Every structure is written in C-alpha cells, then in structure tokens.
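Report on the following structure.
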Amino acid sequence: MIELKNIYKTYGRGTVNELSLFENFSLSINDGDFISVVGSNGSGKTSMLNMICGSIPIDSGEIIINGTDVNKMKEFRRYRKIGRVYQNPAMGTCPSMTILENMAMADNKGKLFGLTPGTPKKRIPYYKELLSTLGLGLENKLNVLVGQLSGGQRQAMALLMTSMSPIDFLILDEHTAALDPKTAETIMRLTDEIVKEKGLTTIMVTHNLLFSLEYGNRLIMMHEGEAILDISGEEKKNASTDDLLALFNKISLERGN
Amino acid sequence: MQLLISVLEQGFIYAILALGVYITYKILDFPDLSVDSSFPLGAAVTACLITKGVNPYITLPVSFFAGALAGLATGIIHVKFHIRDLLSGIITMTVLYSINLHISGGVANVPIFSNENIFSAFPLADKLGKFNTVFVVFLIAVFAKLLLDAYLKTKSGYLLRAAGDNATVVTSLAKDSGTVKIIGLVIANALVSLSGCVMCNQQRFFDISMGTGTIVIGLASVIIGTNLFKRLTFMKATTAAIIGSVIYKACVAIAISMGLKSMDMKLITGILFLIILVAGQFGGKGKND
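Encoded structure:
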C-alpha cells in the first residue's frame, strides 16, 4: 500500500516562475489496485510518480510505502519494491549490452552484484522462455545488442525486465505514448497480463482515454495537483470517453482557455 | 630492430594505461584527468620502494593499490560532493602532484639505475636477452587485459557497463549508480598507476613531470584501437586498446625518426591526437553508433 499524506510541492520557489503544484495532496493506493491516471499536461501526473519513486523531493508531507515512511529513503532503494517503465523506450534497457545481458541483470535485481558470472548459464533457457511470451522472436536474438531493437521491442523488454524480480508496485509513466497504435495495444495487453499474473499494485499514467477506461479497476483524473475525479468498480466500468472528455472540457473552460 | 622493440615496450606499457582509460572514457563516459597524476603516482611509489631495497615485484601490487586510492578520491569528489567529472579529475590531479613529491622524498627526479627492477629480477632475463623487457611488459599487459575482460563478464562488471550506458537502469535495479561509478574509477586509476609503475621500472627513474599528457596518450590509444577495429566484432575492445597503444607509439617513433627532436614529443603527441580525432569523425560516418 502506498499512502501520500498532505503533500506540498512547489517548483521554482522564489522565482517569477514559482508554481505551487501540490497543496495538501493526499491519495491512498490500496494493494491490488490498478489505477489509470489521466489529466492534461502539467496537472501533476508524472510529478506524483516521481515523488513516489523519490526522483524528486517533496517540500512537506509523508509518503508511506508498505507502512514505512520513505521520505528519507534514496531513490535507488525505493526501487527494491517498485518497478518502473518510462515513456521513452530507451530508458529501461542498456543499448550497448545484449538482450541476454540485459535479462541477466534484471534477473539479479535485489541480489548481490558480485564477482560471479554475469549471465548464469543455467538461467538462459528461462530467459528464452520469458522472451518467447512477448511473441517478438527476441528469444532467437539473445546476442543482439538492445540498441538495435525497435522502440516497441525495447519497451516490451523493459516491461519484462521490470517484472522479472519480485516487486510489489508497478509504475507506468505513459509507457505506450511513444509507440505506434498497434504496438501500444500489444504492450498494453502484455502489461495487463503481467499485472494480473503477478498481482502487482499498479499506477499507470496515460493520455490514452480508451486505455484508461479499458484497463484497471480505478481511474483518477488529475488537475492542477488535485485528483478531481477518483472512480472505481462499477462507476468506472460505466464511464465512457465522452464523460472524460466532457470533464476535460469543463476544466479547460474554467481555466479560461 | 631496436626501434621495433622499443616501440613494443613503450606500446605495451601504455597499453595498461589504455585499459584504464578505456574504462573511464569508453565505458563510463567520464573524462578522467586524474590519470595525469595517477600515472606518476605509480612511478613515485615504485621509485620509493625500490630505493628502499624492497623486492621489485612488490611495487606492482602496491602501485596498483595506490592508484585505486586516487580513483577513489576522484570518485568520491564527483559522486558524493557533486563536483563535475572534469573538475573532480583536475582536483585529484593537482593534489596528487604534491603527494607524488612527498612519496619521492621531495625531489623531482629519483634515479634507480643501479637497483634491481622487475626486468632484471625476471628469472628468464639471461635467456631472453634484449627481448626480456618487451616479454615481461607483454606478460603484464596481457594479464591486466584478461583480468579486466573477466571482470567485465561478472555481475559487478555488467553493472559497471550499465552505469555508463544507461544509469537509469542501474537505479531501477535498486543499485546506487554513484557507487558503481566510483568502482569504475578505482579500477581505472589502479591500472593507470600500474602502468606508471612498469614505466618507472623500465626507464629506471621517476620524474615528477612524466605524467604530463598521459591522458592524451591513453585517449589516443583507445580511440585508435576502437575506431580501427570497430568493424571486427569478434575483437574485444580491450584488445583493440592494447593494439591502439602500440600503433600510437609507433606513430610517435616514426615522427621522431623523421628528424623531430625529443623536445617536440608533446607537440607530436598533441597533434597526432588531433589527427586521430579528426580522422575518427570521417571514419565514423555512415556507421550508426
């Protein structure tokens, strides 16, 4: 469970561009939730993810992950329990290392990176099997450098690598936004499979309203650092893209654009 | 013949340095200027130990360790104090200049001509005759290369490569990419210092200014090696760096044999490096990097 309590976050404090994004923001993410987060640019979606992961500091408030206040915990330590896939497919893999080497590293997450062989031979069949679930034929390209793969292939690998180790939370930061519609569909279906299979608590930021409605059990719409819509269960099932768009327009009108 | 042997001797000595520079420049993408002082650091430690009558082979691990400390300093300055990479190296380089002088006993030049060194103490020295030095140097360079290759295949080595390639991945693996960078700098400067140790053994003196421009030699070797052999995928980058170092020394030797004086050494070093960089731009075209 992730709890955000009374979060304050201001960007560019003391400058003319000072922007107070979060003011007394609170949100509870329950175990087993698959939350889709939508909202316009600058509404605080990605900032929220960055605060949870520790990529950016908060001004005040509490972030509690599995009962522990992580405010003083460094970013890299938080990733023991969190897996994250970024919008840019290049972020999740090492381009000048091979597919096999990338898989082996991901497999070792949470364990010691010592002087034992980087790629344990015994695990290779397991990596092949995992890669074959992607249906991209990567299992036959184990020694190809990841940099030579397409964006979609790299994103699929990033997703796979993230979910190889025992994590509790999956953070998806517009992870289909840089992909073509068909690949985006594939990655989204794969995401859903992995989330269900591993029972991961998931937060997915997306600009794709269809995805946000189709996947997950809860939907949040962010606006100027607030969750202006938070629906789940039946209420979410009955919502439509028209409803969401109408709400979007209403917000825009209120802002005077 | 004598020229060839001398080129190979120098080439293999600087090859050890090139292996270190390969780690910082190619793997970590870190322009590490501390090299200019960790090279003479190894030599200073060596001269100090040898004049005290220590077994010359002890100088190898001790210099290696001393260089590791220098790398640790640069790493901590960069990672923990958040000083830019270039400046971190410059700070270590400057500080080490004085430390090197302290180690050498406050003098800028320590001759060890009359003392035993790793070459004269080599068991096969008599049999190998004039090939003795080049043989020993070759052994050390190859040993260092194989050790580095083996390390880069371990889990820790993977992490080092990942840190230079995409630090986000290291963070995602719940590892501190800063620590990994420090480890890389430690190994790199240890190798550079080892190279300085072998150099001191070979030329039989330590000189405080022997490190000036070392980074240029190291970079030139790595760039020549990796550019020349980048189409040969079966060749390891570490092998390429060693060959690059020999080629570079050969170029310098040719330039000198064409009538340039030894005082023009740094001039040649710099201009050759420039030529290599420019040539690399043209050679690199059409190849996606």
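Quick note, the sequences are listed as chains U and L, same order. Residues in the first sequence are numbered consecutively from 1, following my numbering. Residues in the second sequence are numbered consecutively from 1001, following my numbering. The C-beta atom is built at its ideal place from N, Cα and C for all residues, glycine as well. Here the structure is a predicted model, which means the values were calculated and not measured.
Neighbours of U:L115 in chain L, taken as residues at a C-beta separation under 8 Å, are given in chain order as Y1151, T1154, K1155, S1156.
With respect to the C-alpha of L:H1082, the residue from L:K1181, L:V1142, L:T1046 having the closest C-alpha is L:K1181. Taken in chain order, the complete beta strand (DSSP E) segments of 3 or more residues contained in the stretch 105-176 of chain U are 169-173. The contact set of U:R80 on chain L, defined by CB atoms closer than 9 Å, consists of A1174 in chain order.
The C-beta of L:V1169 comes closer than 8 Å to at least one C-beta of chain U. The straight-line gap separating the alpha-carbon atoms of U:R123 and L:K1236 is approximately 25 Å. Residue-level contact check: U:S96 touches chain L, since one or more beta carbons of chain L fall below 8 Å from its beta carbon. Out of U:I52, U:M48, U:A156, the CA that lies nearest to the CA of U:M91 is found in U:A156.
Looking at the backbone, the Cα of L:I1016 and that of U:G32 are separated by about 54 Å. For L:Q1002, the number of other beta carbons within 10 angstroms of its own is below 16, and it is reported as exposed.
Under a criterion of Cβ atoms nearer than 9 Å, the residues of chain L adjacent to U:R77 are, in order, A1174, D1176. Residue pairing by DSSP puts L:P1111 in a beta bridge opposite L:F1205.
With a cutoff of 8 Å on beta-carbon distance, L:V1222 and L:A1070 are scored as not near each other.
Straight-line spacing of the CA atoms in U:R84 and L:F1229 works out to 37 Å.
Closer than 9 Å at the C-beta level to chain L, one finds these residues of the stretch 100-112 of chain U: E101, N102, A104, M105, A106, N108, K109, G110, K111, L112. DSSP places U:K81 outside any beta strand (DSSP E), giving it a letter other than H or E. Contact of U:G92 with chain L by beta-carbon distance below 9 Å involves N1166, T1168, V1169, S1172. Between L:A1250 and L:V1007, the C-beta spacing is below 8 Å.
Interface flag for U:G118 against chain L is set, since a Cβ pair is found closer than 8 Å. Per DSSP, the continuous alpha helix (DSSP H) segment holding L:V1142 begins and ends at 1132-1152.
Comparing alpha carbon positions, the residue from U:I2, U:L19, U:P125, U:E193 closest to U:G225 is U:L19.
By the neighbour-count criterion, in which a residue is buried when 16 or more other Cβ atoms sit within 10 angstroms of its Cβ, L:I1058 is exposed.
Counting only runs of 3 or more residues that sit fully inside the stretch 187-214 of chain U, the beta strand (DSSP E) segments are 201-205, in chain order. Counting only the Cα atoms, L:V1137 lies some 19 Å from L:L1049. U:H175 and U:Q87 have their C-alpha atoms some 4 Å from each other. Each of L:S1088, L:L1267, L:T1212, L:D1176 was checked against the Cα of U:Y79, and the nearest Cα belongs to L:D1176. For L:L1146, not one C-beta of chain U is nearer than 8 Å to its own C-beta.
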